[in-house]
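> Numbering (UniProt numbering), first residue to last: 1 to 140.
Even for Gly, the Cβ is constructed at its ideal location relative to N, Cα and C.
Predicted model, so just to flag it, every value in this text is computed and none were measured.
Below is a structure I'd like to ask you about.
The structure is reproduced here in structure tokens:
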């Protein structure tokens, strides 16, 4: 699934070329995940934006009932959460186990980020700085 890989790895130019050459935007992999699920899981804001503007279904469920919002919340990607929520992702959508994106956010140490799922857009810069600090610490 080349479009899935391009989206997951933040290759927006490659995504554009694949879409223009006829790749179907909502084609699922064997787990029912679309390229938007992949971009959201990878926290790739540019790809998420491109895919949404190209008609990707923001509420498409995988075979476990998870939407792209579930994936981005599970991986602590604030900007993608904000983008998906502000463009129509259903924050109350549950997966096959009855979990919403908020459940995934809570399980992923996103205490301060949980607010975005309630449409609060405050402290985004502070949250991003916190993420960068955690990433640097993890790299050491």
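Can you list, in chain order, the residues of its chain whose CB lies under 6 Å from that of residue 7, leaving out five sequence neighbours each side?
These residues qualify, in order along the chain: 15, 35, 38, 39 and 47.
> Taking residue 10 as the reference, give the member of 102, 49 and 20 with the closest Cα.
Of 102, 49 and 20, the residue nearest in Cα terms is 49.
> Using only alpha-carbon positions, find the residue among 78, 54, 33 and 63 that is nearest to residue 105.
Closest option to residue 105, Cα to Cα, is 78.
> So for residue 49, helix, strand or coil by DSSP?
Here residue 49 sits in helix by DSSP.
> Is it true that the CB of residue 41 sits closer than 7 Å to the CB of residue 90?
Cβ distance not < 7 Å, so residue 90 and residue 41 don't count as in contact.
> Residue 3 to residue 101, Cα distance in whole Å?
Taking the straight line joining both Cα atoms gives about 24 Å.
> Tell whether a beta-carbon distance below 7 Å holds between residue 81 and residue 67.
Taking 7 Å as the Cβ cut-off, residue 81 and residue 67 do not qualify as a contacting pair.
> With a threshold of 7 Å on Cβ separation, who are the neighbours of residue 88 within its own chain once the five nearest residues in sequence on each side are excluded?
58.
> I need the straight-line Cα distance from residue 32 to residue 60, nearest angstrom please.
In a straight line, the C-alpha of residue 32 is about 9 Å away from that of residue 60.
> Work out the CA separation of residue 45 and residue 17 for me, nearest whole Å.
Cα to Cα, residue 17 sits roughly 18 Å from residue 45.
> With residue 65 and residue 95 assumed to form a contact (beta carbons below 8 Å), what rounded beta-carbon distance in angstroms separates them?
Rounded, the Cβ-Cβ distance is 4 Å, consistent with contact.
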